[in-house]
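S.K.: Quick one: the structure is below, questions incoming.
There are 2 protein chains.
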Amino acid sequence: MATQKAAQWAASLTYSSLPPDALQAAIRSFYNWVGCTVGGSNHPAASIARNSLSRFFGSPTSTLLGTNGLQADAQHAALINGIASHVHDYDDTHLETIIHPTGPVAAALLSFAQSLDRPVSGQDFLAALAAGIELECKAGLAVWPSHYDVGWHITSTTGSIGAAVAVSRLLGLSPEKTAHAIGIAATQVTGLREMFGSHTKSFHPGRAAQNGLLAAILAADGYTSSLQALEAKRGWVNVVSNDDKLTQEIDSLESDGKWELAKNAFKPFPCGIVIHPVIDGCVWLHGELQRRGLRLQDIKSVHVTVHPLVLELTGKTKPKDGLEAKFSVYHGGAIGLIHGKATPAEYEDNVVTNPETIEVRDKFVAIAADNIRADECRILVEFEAPEVKIEKHVHHAVGSIDAPMTDSQLTEKFIGQCSPILGPQQAKIISDWCWSLETKDDVRQIGRFL
Amino acid sequence: MATQKAAQWAASLTYSSLPPDALQAAIRSFYNWVGCTVGGSNHPAASIARNSLSRFFGSPTSTLLGTNGLQADAQHAALINGIASHVHDYDDTHLETIIHPTGPVAAALLSFAQSLDRPVSGQDFLAALAAGIELECKAGLAVWPSHYDVGWHITSTTGSIGAAVAVSRLLGLSPEKTAHAIGIAATQVTGLREMFGSHTKSFHPGRAAQNGLLAAILAADGYTSSLQALEAKRGWVNVVSNDDKLTQEIDSLESDGKWELAKNAFKPFPCGIVIHPVIDGCVWLHGELQRRGLRLQDIKSVHVTVHPLVLELTGKTKPKDGLEAKFSVYHGGAIGLIHGKATPAEYEDNVVTNPETIEVRDKFVAIAADNIRADECRILVEFEAPEVKIEKHVHHAVGSIDAPMTDSQLTEKFIGQCSPILGPQQAKIISDWCWSLETKDDVRQIGRFL
Numbered sequence: 076m077a078t079q080k081a082a083q084w085a086a087s088l089t090y091s092s093l094p095p096d097a098l099q100a101a102i103r104s105f106y107n108w109v110g111c112t113v114g115g116s117n118h119p120a121a122s123i124a125r126n127s128l129s130r131f132f133g134s135p136t137s138t139l140l141g142t143n144g145l146q147a148d149a150q151h152a153a154l155i156n157g158i159a160s161h162v163h164d165y166d167d168t169h170l171e172t173i174i175h176p177t178g179p180v181a182a183a184l185l186s187f188a189q190s191l192d193r194p195v196s197g198q199d200f201l202a203a204l205a206a207g208i209e210l211e212c213k214a215g216l217a218v219w220p221s222h223y224d225v226g227w228h229i230t231s232t233t234g235s236i237g238a239a240v241a242v243s244r245l246l247g248l249s250p251e252k253t254a255h256a257i258g259i260a261a262t263q264v265t266g267l268r269e270m271f272g273s274h275t276k277s278f279h280p281g282r283a284a285q286n287g288l289l290a291a292i293l294a295a296d297g298y299t300s301s302l303q304a305l306e307a308k309r310g311w312v313n314v315v316s317n318d319d320k321l322t323q324e325i326d327s328l329e330s331d332g333k334w335e336l337a338k339n340a341f342k343p344f345p346c347g348i349v350i351h352p353v354i355d356g357c358v359w360l361h362g363e364l365q366r367r368g369l370r371l372q373d374i375k376s377v378h379v380t381v382h383p384l385v386l387e388l389t390g391k392t393k394p395k396d397g398l399e400a401k402f403s404v405y406h407g408g409a410i411g412l413i414h415g416k417a418t419p420a421e422y423e424d425n426v427v428t429n430p431e432t433i434e435v436r437d438k439f440v441a442i443a444a445d446n447i448r449a450d451e452c453r454i455l456v457e458f459e460a461p462e463v464k465i466e467k468h469v470h471h472a473v474g475s476i477d478a479p480m481t482d483s484q485l486t487e488k489f490i491g492q493c494s495p496i497l498g499p500q501q502a503k504i505i506s507d508w509c510w511s512l513e514t515k516d517d518v519r520q521i522g523r524f525l
Numbered sequence: 076m077a078t079q080k081a082a083q084w085a086a087s088l089t090y091s092s093l094p095p096d097a098l099q100a101a102i103r104s105f106y107n108w109v110g111c112t113v114g115g116s117n118h119p120a121a122s123i124a125r126n127s128l129s130r131f132f133g134s135p136t137s138t139l140l141g142t143n144g145l146q147a148d149a150q151h152a153a154l155i156n157g158i159a160s161h162v163h164d165y166d167d168t169h170l171e172t173i174i175h176p177t178g179p180v181a182a183a184l185l186s187f188a189q190s191l192d193r194p195v196s197g198q199d200f201l202a203a204l205a206a207g208i209e210l211e212c213k214a215g216l217a218v219w220p221s222h223y224d225v226g227w228h229i230t231s232t233t234g235s236i237g238a239a240v241a242v243s244r245l246l247g248l249s250p251e252k253t254a255h256a257i258g259i260a261a262t263q264v265t266g267l268r269e270m271f272g273s274h275t276k277s278f279h280p281g282r283a284a285q286n287g288l289l290a291a292i293l294a295a296d297g298y299t300s301s302l303q304a305l306e307a308k309r310g311w312v313n314v315v316s317n318d319d320k321l322t323q324e325i326d327s328l329e330s331d332g333k334w335e336l337a338k339n340a341f342k343p344f345p346c347g348i349v350i351h352p353v354i355d356g357c358v359w360l361h362g363e364l365q366r367r368g369l370r371l372q373d374i375k376s377v378h379v380t381v382h383p384l385v386l387e388l389t390g391k392t393k394p395k396d397g398l399e400a401k402f403s404v405y406h407g408g409a410i411g412l413i414h415g416k417a418t419p420a421e422y423e424d425n426v427v428t429n430p431e432t433i434e435v436r437d438k439f440v441a442i443a444a445d446n447i448r449a450d451e452c453r454i455l456v457e458f459e460a461p462e463v464k465i466e467k468h469v470h471h472a473v474g475s476i477d478a479p480m481t482d483s484q485l486t487e488k489f490i491g492q493c494s495p496i497l498g499p500q501q502a503k504i505i506s507d508w509c510w511s512l513e514t515k516d517d518v519r520q521i522g523r524f525l
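Residue numbers (my numbering), protein chains in the order written: chain A, 76 to 525; chain B, 76 to 525.
See below:
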């Protein structure tokens, strides 16, 4: 019954039934997604797909974000925007499952909304987005951790389902048709972890958006799949995992009042999340050095004490380029100290190979400690002359569950992503528009600004 | 190295390197596929998809078979033709893996060939088709049987890979780009067995065609995936199965000179293959009764002795409609005796519920016997007056490995599928065209007739 129960829940979800934390999370998730999508739009993983597939585009209804007004049919827009949103690994994270949930769902939903010949209110849009993200995360929890361990890219395998649910909700499909949509989405299991490190990693959430969109459109017109797609013996959960927490996860949709969506976290820095505490501390230290009139060249050493995973995953001491720098806690610390920020600009190749960066980076020493949490670190900066020591203890890095990014931090991130591509004025206009999505009569108008 | 080895093999395959049995099998496979696709084109699983998705169609380049000249962009044509080809379960079978191999590969290849702005010779087309089908079956053998047992629809999960290989070959991609195409295809694992019995079952080979086509197009333009997509720890084989015969299967491509493609079998009857021996025998008996002047109404009983799987899979004694009749050995035997054939027409609902059908069907008694092979049966017909007995022992049913359908039987099947939709004259023209595919200068011209 889990598939039908999930479908029933989604089909009856409305804007007014969203609790405040879920609503707020939906608004922030979409906001962050737009910034990431614009910011990733000129990466080759997105631009090759855009150029390569343009010969197949149907009637242009849906905006390709960040491309100066290019449009495609909704299916291709879902694919390409979905790719762009994930390509810098800068999108959101449902920490418990490491799903990046908004990409597949928002890419499908926005592209599809723009293809409709009727207005779509911000409130309806947010309810559909919330339904999709919530069931996507629930599906992920149901198969965690065996599903990820064996090698599935959980963002896209669950993303297809989330996208189908969101589009079904926007279309107002019946519970039965929604269940068929879930089935058509679930049977398209996209995403092997072996693709990490290649263009195909970000292809996954894009294709998931398209899978789910296709599923909902077909189901709306009477296409049948299975009403037990998730729980059947040869259905999704059993085929793709050794776990089965589906029943408990779906049952809790109605009972516990807690939303997975509300636990969605946003990355302040475009790199592996385990580096974030060090960057956070070094950004603070940058300011502290300025306040005290201390100079970088006088630093003798920077000792960082971190969770063991940090060195395991991001221990590159001499990154060669921007991509490798995303896996270097040393680079993350250095740019925090030097620039007081870590945005995509500080991960450009020329920053990574800059002598000043290298000089500061080489002063870092990292020590793993079992008693340090993943969102925590300790930093000790020692100066030669004057002989000064500064200590910083980051208890919960910005962007973690306990220290979520504030709206103004999200805005700064958004403007930083969009300004180089759209210009600062346009970036500000879109930022304002997205923050007030809830009050908009017609989401389709986003195309005017993007 | 398996992925790169496979890619290298495919990239260097040419028409002139095809041994005669593989070439003949490629011609017959494509021929049978065209008939099945035309025959399935008006089924709701195909027509809903066609109508529902037409709003997204791009520039019309590629024929939707059986639709009186409708065209779509190559991606949608691949999807819709792939659906149509499988929807009656009347397509080909690689018996060792029960893959229906031609659907995904031919649907992608033909649609794509038609979208090119250059001629595609029949010989190049057949080489690409052969490469795709061969690697599709090899991939299937590598993960058989655990992959199917756990719940994957092996036709589509391997079909994406086969389609990518075929389109890559037609494009003349380098081994490296072909390997990337295999990776992009492999990461889109489409098809859960839970969908059997719904529209989504035939959606699987259609979507597989589209997955593979998309993969090859992106790889051609420089999209990267993994060069170890199949064999890596978190690559295709390990994620989707507990078997790993990949290395041996890929190594044997070059060494043993035997082609899986050459083992492809064609169904003479549109129903579960285990019923075929009984139908085959009853078709012969239909002629024998006529030769002897015996009447159906004088039959007392028909005893059929069959392989145990027959009763397990197709034991429905009183099928209610055409779909159920496909799982009834009794219906299969009855229509063979009455009509001397079993085509889709004999699986129409009104034939299944016809009193004469029911009268003859009820005279059948089926007995399972362990010493009867799956492609064998014994039939004993007893008459009341005159008191006559006729026995028939079918050693190898038509369509089995040991008694393959002849070209003229395939032609009869083709004409039977195409005539109701295209008219008998047009069906004959296309039949002749497809049989002489090898001599054609430009495969794209098939659109003129379909």
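Cβ coordinates follow ideal geometry from the N, Cα and C atoms, glycine included.
#1: Which full runs of the alpha helix (DSSP H) of 4+ residues lie inside the segment 141 to 218 of chain B, going along the chain?
#2: Touching or not, the segment 337 to 350 of chain A and the segment 253 to 271 of chain B, by the rule of three or more beta carbon pairs under 8 Å?
#3: So, at 6 Å on beta carbons, what are the nonlocal neighbours of V385(B) in its own chain, with the 5 sequence-adjacent residues on each side left out?
#4: Between which two residues does the beta strand (DSSP E) holding A443(A) run?
#5: Restricting to runs no shorter than 3 residues, where is the beta strand (DSSP E) found entirely within the segment 462 to 497 of chain B?
#6: Just curious, the beta strand (DSSP E) that F458(B) is in, first and last residue?
#7: Three or more C-beta pairs closer than 8 Å, one from the segment 244 to 264 of chain A and one from the segment 131 to 142 of chain A: is that the case here?
#8: Is S330(B) near A283(B), with beta carbons less than 7 Å apart?
#9: Can you tell me which of the three DSSP states N446(B) falls into?
#10: Could you tell me which uninterrupted beta strand (DSSP E) segments, each at least 3 residues in length, are contained entirely in the segment 394 to 418 of chain A, listed from first to last along the chain?
#11: Here's a check: name, in chain order, each residue in its chain whose Cβ is nearer than 7 Å to the Cβ of V162(B), leaving out the five neighbours to either side.
#12: Nearest to G110(B) by alpha carbon, out of I496(B), H468(B), Q146(B) and A188(B)?
#13: For the putative contact between T513(B) and L201(B), defined by C-beta atoms under 8 Å, what is the C-beta separation to the nearest angstrom?
#14: Using a Cβ-Cβ distance cut-off of 7 Å, determine whether R244(B) contacts chain A.
#15: Ordered along the chain, which non-local residues of its own chain (more than five positions away) have a Cβ less than 7 Å from that of S160(B)?
#16: With a Cβ-Cβ cutoff of 7 Å, do V315(A) and L321(A) count as a contact?
#17: Within the same chain, show all residues whose beta-carbon is closer than 8 Å to that of A417(A), passing over the 5 residues directly before and after it, in chain order.
#18: Go through its chain and collect everything with a Cβ distance to A295(A)'s Cβ below 7 Å, but skip five positions before and after it.
#19: Which residues, in chain order, does the segment 113 to 132 of chain B contribute to contact with chain A at a C-beta distance below 8 Å?
#20: Please determine, among I490(B), I123(B) and C509(B), the residue with the shortest C-alpha to C-alpha distance to E299(A).
#21: In angstroms, rounded to a whole number, what distance separates the CA positions of Q189(B) and S301(B)?
#22: Taking 7 Å as the CB-CB limit, is S511(A) close to chain B?
#23: Along the chain, where does the beta strand (DSSP E) that runs through T265(A) open and close?
#24: Could you tell me the distance, in whole angstroms, from the CA atom of L336(B) to the CA atom of Q285(A)?
#25: When the Cα atoms are used, what is the spatial distance from E466(A) to C452(A)?
#26: Name the residue from V463(A), L210(A), L288(A) and N143(A) whose alpha carbon lies nearest to the alpha carbon of T172(A).
#27: Give the interface partners of T299(B) over in chain A, defined as CB-CB distance under 8 Å, in chain order.
#28: Secondary structure at G247(B), three-state DSSP: helix, strand or coil?
#29: According to DSSP, simplified to helix, strand and coil, what is T392(A)?
#30: Quick one: list the residues of chain A neighbouring H279(B), beta-carbon separation under 8 Å, in chain order.
#31: Below 8 Å on the Cβ atoms is my contact criterion, and I expect V463(A) with L369(A) to pass it. Report the Cβ-Cβ distance as a whole number of Å.
#32: Less than 7 Å separating the beta-carbons of V427(B) and D396(B)?
#33: For a contact meaning CB atoms closer than 9 Å, what does L293(B) contact in chain A?
#34: May I have the straight-line CA-CA distance separating P95(A) from D482(A), to the nearest angstrom?
#35: Using only the alpha-carbon positions, how far apart do A340(B) and Q484(B) sit?
#36: From the DSSP output, which residues share a beta bridge with H361(A)?
M.R.: This is what the structure gives:
#1: 149 to 161, 177 to 190 and 197 to 218
#2: no
#3: V349 and V404
#4: F439 to A443
#5: 464 to 469
#6: C452 to F458
#7: no
#8: no
#9: coil
#10: none
#11: G115, H118, A120, A121 and S277
#12: I496(B)
#13: A small fix is needed here, since residue 513(B) is Glu in this sequence, not Thr. Confirmed, Cβ separation roughly 6 Å.
#14: no
#15: W108, C111, T112, G115, D166, G178, A182 and P280
#16: no
#17: P343, F344, P345, C346, I354, V358, G407, I410 and G411
#18: L246, L248 and K252
#19: P119, A120, I123, A124, N126, S127, L128, R130, F131 and F132
#20: Strictly speaking, residue 299(A) in this sequence is Thr, with Glu absent from that position. Comparing Cα positions, the closest option is I123(B).
#21: 29 Å
#22: no
#23: Q263 to T265
#24: 32 Å
#25: 11 Å
#26: L210(A)
#27: S273, H274 and T275
#28: coil
#29: coil
#30: T262
#31: 7 Å
#32: yes
#33: I123, A124, S127, L128, H274, T275 and F278
#34: 15 Å
#35: 13 Å
#36: Its beta-bridge partners do not exist; DSSP assigns none.
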